[in-house]
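Okay, structure first, notes after.
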Amino acid sequence: MEKLMIRGGRPLRGTVQISGAKNSAVALVPAAILAESEVVLDNLPDISDVAVYSEILKELGADVIRDGDTMRINPSGLLSKPMPNGKVKLLRASYYLMGAMLGRFGEATIGLPGGCNFEPRPIDQHIKGFEALGATVTNDHGSIRISAKKLRGAKIYLDVASVGATINIMLAASRAEGLTLIENAAKEPEIIDVATLLNAMGAKIKGAGTETIRIEGVTQLHGCRHSIIPDRIQAGTYMIAAAATRGDVLIDNVIPKHLEAITAKLEEMGVEVIEMDESIRIIGKPEYNSIDVKALVYPGFATDLQSPMTTLLTQAKGASILTDYVYGTRFKHVPELTRMGANIRVEGRSAVIEGSKLNAAKVRAADLRAGAALVVAALTVEDGITEITNVEYIDRGYDRLVDNLRHLGADVWRESDPASS
Ligand code: EPU
Numbered sequence: 016m017e018k019l020m021i022r023g024g025r026p027l028r029g030t031v032q033i034s035g036a037k038n039s040a041v042a043l044v045p046a047a048i049l050a051e052s053e054v055v056l057d058n059l060p061d062i063s064d065v066a067v068y069s070e071i072l073k074e075l076g077a078d079v080i081r082d083g084d085t086m087r088i089n090p091s092g093l094l095s096k097p098m099p100n101g102k103v104k105l106l107r108a109s110y111y112l113m114g115a116m117l118g119r120f121g122e123a124t125i126g127l128p129g130g131c132n133f134e135p136r137p138i139d140q141h142i143k144g145f146e147a148l149g150a151t152v153t154n155d156h157g158s159i160r161i162s163a164k165k166l167r168g169a170k171i172y173l174d175v176a177s178v179g180a181t182i183n184i185m186l187a188a189s190r191a192e193g194l195t196l197i198e199n200a201a202k203e204p205e206i207i208d209v210a211t212l213l214n215a216m217g218a219k220i221k222g223a224g225t226e227t228i229r230i231e232g233v234t235q236l237h238g239c240r241h242s243i244i245p246d247r248i249q250a251g252t253y254m255i256a257a258a259a260t261r262g263d264v265l266i267d268n269v270i271p272k273h274l275e276a277i278t279a280k281l282e283e284m285g286v287e288v289i290e291m292d293e294s295i296r297i298i299g300k301p302e303y304n305s306i307d308v309k310a311l312v313y314p315g316f317a318t319d320l321q322s323p324m325t326t327l328l329t330q331a332k333g334a335s336i337l338t339d340y341v342y343g344t345r346f347k348h349v350p351e352l353t354r355m356g357a358n359i360r361v362e363g364r365s366a367v368i369e370g371s372k373l374n375a376a377k378v379r380a381a382d383l384r385a386g387a388a389l390v391v392a393a394l395t396v397e398d399g400i401t402e403i404t405n406v407e408y409i410d411r412g413y414d415r416l417v418d419n420l421r422h423l424g425a426d427v428w429r430e431s432d433p434a435s436s
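Written out as structure tokens, the structure reads:
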């Protein structure tokens with residue numbers, strides 16, 4: 016195990032390139048197994064969740080070759096195998112194997128997913144969708160077993176606009192007989208990305224990105240080449256880090272439209288944001304206004320940026336209130352920020368954040384975005400070195416983080432952490 020060491024106090028300056036999106040990649044890699052021939056994915060992020068997923072596909076019999084940012088997946092030799100344990104437990108998005116295997120083989124047995132457990136994360140809407148398509152779903156000692164003699168299109172209303180359930184149902188329904196309608200579908204850009212890949216494979220999906228998605232099932236899907244959209248959460252994290260360190264950073268290879276909510280909130284605080292076609296420049300200021308932030312489903316402010324935003328709000332004058340309407344208890348970063356001198360009170364699903372100066376401390380990343388919050392915090396500390404343990408959580412979602420931060424002038428390095436081995 017390793018820890019991240021940060022000597023802060025330097026404004027970030029320069030340009031950072033944003034990789035492909037984690038939450039697209041972890042759906043697109045399993046989606047590839049629905050094809051009968053090779054799928055090539057470009058702009059793939061270099062993160063551990065993608066590495067684990069490619070190992071899972073290899074265990075299932077697919078040929079997977081990674082060359083830089085490109086991955087070639089040939090699923091023609093894939094076998095229908097139960098995956099109750101092992102690598103599927105390492106990542107949350109292993110639930111996409113349920114929809115993909117169901118679509119391909121009419122059956123799937125997958126261990127309940129692991130990953131970032133910042134709060135209980137049910138999958139009842141995924142299961143409701145599979146059942147509506149004609150599958151039988153049982154829980155067998157911690158594994159979900161799903162099988163269907165024939166998948167048939169259906170009308171499915173999601174009780175919550177779940178990203179995972181929307182994608183999982185699209186995966187299975189693309190190979191069902193007839194028309195599937197997903198109502199109250201999630202509208203995140205990653206859903207459009209998955210639909211774009213599936214359509215390039217020969218699926219017939221319309222309406223992705225709106226609340227109603229129509230999927231006309233097809234009997235076969237074929238290989239294709241697809242480039243993954245930029246990671247809006249990584250981009251947002253660098254925007255926040257640039258503002259928090261009073262830096263000046265050009266965040267390149269982004270879709271500014273996907274960043275509208277974070278852009279609006281930074282501007283409200285007094286950060287200068289300059290939008291270009293495929294990049295955004297952030298110019299930090301000495302003083303920031305306190306603001307209120309509500310994390311909501313897209314196009315609202317992303318819950319995945321809520322934790323790093325908490326850190327930025329410690330740099331504002333006065334009290335800010337941040338409320339998470341997606342995950343009501345996603346506040347594992349708060350006790351660690353408090354160790355660093357932050358003054359934050361959690362009340363129900365809100366955090367009340369008073370402006371305060373942060374100091375160096377030994378802290379622990381409790382999950383991916385909590386880790387990102389601590390990185391931003393450490394970068395603002397003027398004296399001393401902050402140690403962040405459990406860095407493997409951060410490796411799940413931030414492509415080349417240390418290299419990128421160094422390139423922006425930060426004093427960051429990794430050290431082995433015998434205490435956590
Ligand atoms: N929900 C249910 N039942 C379900 C599914 C979800 O009640 O069957 C609830 C959840 O408890 C939550 C809300 O619906 O309150 C939204 O959950 P969603 O299903 O949209 O989340 P997810 O698909 O499991 C993805 C991202 C998360 C991100 C959320 C919300 C992936 C692999 N994960 O999770 O990303 O926080 O959407 O935008 O796409 C991260 O990147 O750090 C991360 C956790």
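First residue of the sequence shown? That's 16 in our numbering, and the numbers climb one at a time after it. Backbone N, C-alpha and C fix where the C-beta goes; we use that ideal spot for every residue, glycine too.
Check: Using DSSP with H/G/I as helix, E/B as strand and the rest coil, what is Gln-32?
Finding: What you label residue 32 is simply residue 17 of the sequence shown in a count that begins at 1. It is a strand residue.
Item checked: Ser-242 - partner residues in DSSP beta bridges -> Here residue 242 refers to the residue found at position 227 when the sequence shown is read from its first residue. As DSSP reads the structure, Ser-242 sits in a beta bridge with Asp-57.
Checklist line | Rounded Cβ spacing between Gly-129 and Leu-166 (contact assumed at less than 8 Å) | finding: Mapped onto the sequence shown, residue 129 falls at position 114. Mapped onto the sequence shown, residue 166 falls at position 151. Not really, about 27 Å apart at Cβ, beyond 8 Å.
Next item on the list: Take Ile-400 and list the residues in its own chain whose beta-carbon comes closer than 8 Å to its own, dropping the five residues that flank it on each side.
Entry: Taking the first residue of the sequence shown as position 1, residue 400 is located at position 385. Answer for Ile-400: Met-20, Ile-21, Arg-22 and Ala-375, listed in chain order.
Next item on the list: Determine the closest residue to Met-16 out of Thr-404, Asp-418 and Val-417, with distance taken between C-alpha atoms.
Entry: The residue given as residue 16 occupies position 1 in the sequence shown. Cα-wise, what sits closest to Met-16 is Thr-404.
Check: Is it the case that the Cβ atoms of Val-44 and Val-65 are separated by a distance below 8 Å?
Finding: Here residue 44 corresponds to residue number 29 of the sequence shown, with the count starting at 1. Here residue 65 corresponds to residue number 50 of the sequence shown, with the count starting at 1. It is a contact, given that the beta carbons lie within the stated cut-off.
Check: Nearest to Ile-297 by alpha carbon, out of Ala-50, Leu-311, Ile-277 and Tyr-313?
Finding: Taking the first residue of the sequence shown as position 1, residue 297 is located at position 282. Here the closest residue by C-alpha is Ile-277.
Margin query: Let me check one thing: in DSSP terms, what residues is Tyr-303 bridge-paired to?
Written below: Position 288 of the sequence shown, counted from the first residue, corresponds to residue 303. The partner list for Tyr-303 (beta bridge, DSSP) reads Ala-331.
Note to self: Determine whether the beta carbon atoms of Leu-320 and Ile-255 lie at a separation below 8 Å.
What the structure shows: For the purposes of this step, residue 320 is taken as the residue at position 305 of the sequence shown. For the purposes of this step, residue 255 is taken as the residue at position 240 of the sequence shown. Taking 8 Å as the Cβ cut-off, Leu-320 and Ile-255 qualify as a contacting pair.
Item checked: Under 8 Å between C-beta atoms of Val-55 and Arg-240 -> On the sequence shown, residue 55 is found 40 positions in, with the first residue counted as 1. On the sequence shown, residue 240 is found 225 positions in, with the first residue counted as 1. It is a contact, given that the beta carbons lie within the stated cut-off.
Next item on the list: Identify whether Lys-73 lies in helix, strand or coil by the three-state DSSP scheme.
Entry: Taking the first residue of the sequence shown as 1, we reach residue 73 at position 58. Here Lys-73 sits in helix by DSSP.
Notebook entry, point to check: Closest to Tyr-111 by CA distance: which of Pro-245, Leu-311, His-237 and Ile-206 is it?
Noted result: For the purposes of this step, residue 111 is identified with residue 96 of the sequence shown, where counting begins at 1. Tyr-111 has its Cα closest to that of Ile-206, out of Pro-245, Leu-311, His-237 and Ile-206.
Check: By Cβ distance, which residues of its chain are closer than 6 Å to Tyr-253, with the 5 residues on each side in sequence left out?
Finding: What you label residue 253 is simply residue 238 of the sequence shown in a count that begins at 1. Hits under 6 Å: Val-31 and Ile-266.
Item checked: Supposed contact pair Pro-323 and Arg-384 - C-beta distance, whole angstroms, cut 8 Å -> Sequence index remark: in the sequence shown, residue 384 carries index 369 (1-based). Sequence index remark: in the sequence shown, residue 323 carries index 308 (1-based). So it is a contact: roughly 7 Å between Cβ atoms.
Check: What residue range is occupied by the uninterrupted beta strand (DSSP E) comprising Asp-78?
Finding: By one-based count along the sequence shown, residue 78 stands at place 63. Run containing Asp-78: 78–82, per the beta strand (DSSP E) assignment.
Check: Roughly how many whole angstroms lie between the Cα atoms of Glu-70 and Val-417?
Finding: Locating residue 70 in the sequence shown gives position 55, where the first residue counts as 1. Locating residue 417 in the sequence shown gives position 402, where the first residue counts as 1. Rounded to whole angstroms, Glu-70 to Val-417 spans 24 Å at the Cα level.
Next item on the list: Just grab the DSSP bridge partners of Asp-155 for me.
Entry: Residue mapping note: residue 155 aligns to position 140 of the sequence shown, counting from 1. BP columns for Asp-155 point to Ser-158.
Note to self: I need the straight-line Cα distance from Arg-119 to Ser-91, nearest angstrom please.
What the structure shows: For the purposes of this step, residue 119 is identified with residue 104 of the sequence shown, where counting begins at 1. For the purposes of this step, residue 91 is identified with residue 76 of the sequence shown, where counting begins at 1. Approximately 11 Å, taken between the alpha carbons.
Check: What is the DSSP secondary structure of Val-233, reduced to helix, strand or coil?
Finding: Position 218 of the sequence shown, counting from 1, holds the residue named residue 233. Under the three-state reduction of DSSP output, Val-233 falls in the coil class, being neither helix nor strand.
Check: Taking 7 Å as the line, does the beta carbon of Ala-180 fall inside it for any heavy atom of the ligand EPU?
Finding: Position 165 of the sequence shown, counted from the first residue, corresponds to residue 180. Relative to the ligand EPU, the beta carbon of Ala-180 is positioned inside 7 Å of a heavy atom.
Check: Phe-145 by DSSP, collapsed to three states: which one?
Finding: As a first step, residue 145 is located in the sequence shown; it is residue number 130 there, counting from the start. Looking at Phe-145 - three-state DSSP - the assignment turns out to be helix.
Next item on the list: Could you tell me if Arg-379 is buried or exposed, where buried requires 16 or more neighbouring beta carbons within 10 angstroms of its beta carbon?
Entry: Counting from one through the sequence shown, the residue named residue 379 turns up at place 364. Arg-379 comes out buried.
Checklist line | Any non-hydrogen atom of the ligand EPU within 7 Å of Glu-205 CB | finding: Position 190 of the sequence shown, counting from 1, holds the residue named residue 205. Checking every heavy atom of the ligand EPU against the Cβ of Glu-205, one is found closer than 7 Å.
Notebook entry, point to check: So what's Phe-316 in DSSP terms, helix, strand or just coil?
Noted result: Position 301 of the sequence shown, counted from the first residue, corresponds to residue 316. Reduced to three states, the DSSP call for Phe-316 is strand.
Checklist line | Nearest neighbour of Pro-314, chosen from Ala-257, Ile-248 and Leu-327 [CA to CA] | finding: What you label residue 314 is simply residue 299 of the sequence shown in a count that begins at 1. Among Ala-257, Ile-248 and Leu-327, the Cα nearest to that of Pro-314 is on Ile-248.
Check: When the Cα atoms are used, what is the spatial distance from Ile-142 to Asp-263?
Finding: Taking the sequence shown and counting its residues from 1, one reaches residue 142 at position 127. Taking the sequence shown and counting its residues from 1, one reaches residue 263 at position 248. Each residue's Cα considered, the two are about 46 Å apart.
Note to self: Cutting at 6 Å between CB atoms, please list the residues of its own chain near Asp-57, excluding the five before and the five after it.
What the structure shows: As a first step, residue 57 must be located in the sequence shown, where it is residue number 42. Within the same chain, Asp-57 has close Cβ partners Thr-85 and Ser-242.
Check: DSSP state of Thr-344, grouped into three classes?
Finding: For the purposes of this step, residue 344 is identified with residue 329 of the sequence shown, where counting begins at 1. Note: Thr-344 maps to coil in three-state DSSP.
Margin query: Taking contact to mean 3 or more Cβ pairs, one atom from each stretch, closer than 8 Å, check whether the stretch 281–295 and the stretch 221–229 are in contact.
Written below: no
Note to self: Please give me, in chain order, every unbroken run of the beta strand (DSSP E) with length at least 3 that falls completely inside the stretch 367–427.
What the structure shows: 377–379 and 400–404
Note to self: Can you tell me whether Asn-89 is helix, strand or coil according to DSSP?
What the structure shows: For the purposes of this step, residue 89 is taken as residue 74 along the sequence shown, with counting starting at 1. The answer is strand: DSSP assigns Asn-89 an E or B state.
Checklist line | Closest residue to Leu-327 among Leu-127, His-348 and Ala-42 (Cα-Cα distance) | finding: In the sequence shown, the residue the question calls residue 327 occupies position 312. Among Leu-127, His-348 and Ala-42, the Cα nearest to that of Leu-327 is on His-348.
Next item on the list: Name the one or two DSSP bridge partners that Thr-326 has.
Entry: For the purposes of this step, residue 326 is taken as residue 311 along the sequence shown, with counting starting at 1. Thr-326 pairs with nothing; no bridge assigned.
Margin query: I'd like to check one pair, Tyr-413 with Ala-62: are the Cβ atoms closer than 8 Å?
Written below: Position 47 of the sequence shown, counting from 1, holds the residue named residue 62. Position 398 of the sequence shown, counting from 1, holds the residue named residue 413. Contrary to the premise, residue 62 reads as Ile rather than Ala in this sequence. Yes, these two residues count as a Cβ contact at 8 Å.
Next item on the list: Decide if Glu-402 is buried, meaning its Cβ has at least 16 other Cβ atoms within 10 Å, or exposed.
Entry: As a first step, residue 402 is located in the sequence shown; it is residue number 387 there, counting from the start. Classification for Glu-402: buried.
Notebook entry, point to check: Which residues mark the beginning and the end of the alpha helix (DSSP H) in which Arg-261 is found?
Noted result: As a working note, residue 261 is residue 246 in the sequence shown. In the DSSP assignment, Arg-261 falls outside any alpha helix (DSSP H) and carries neither an H nor an E.
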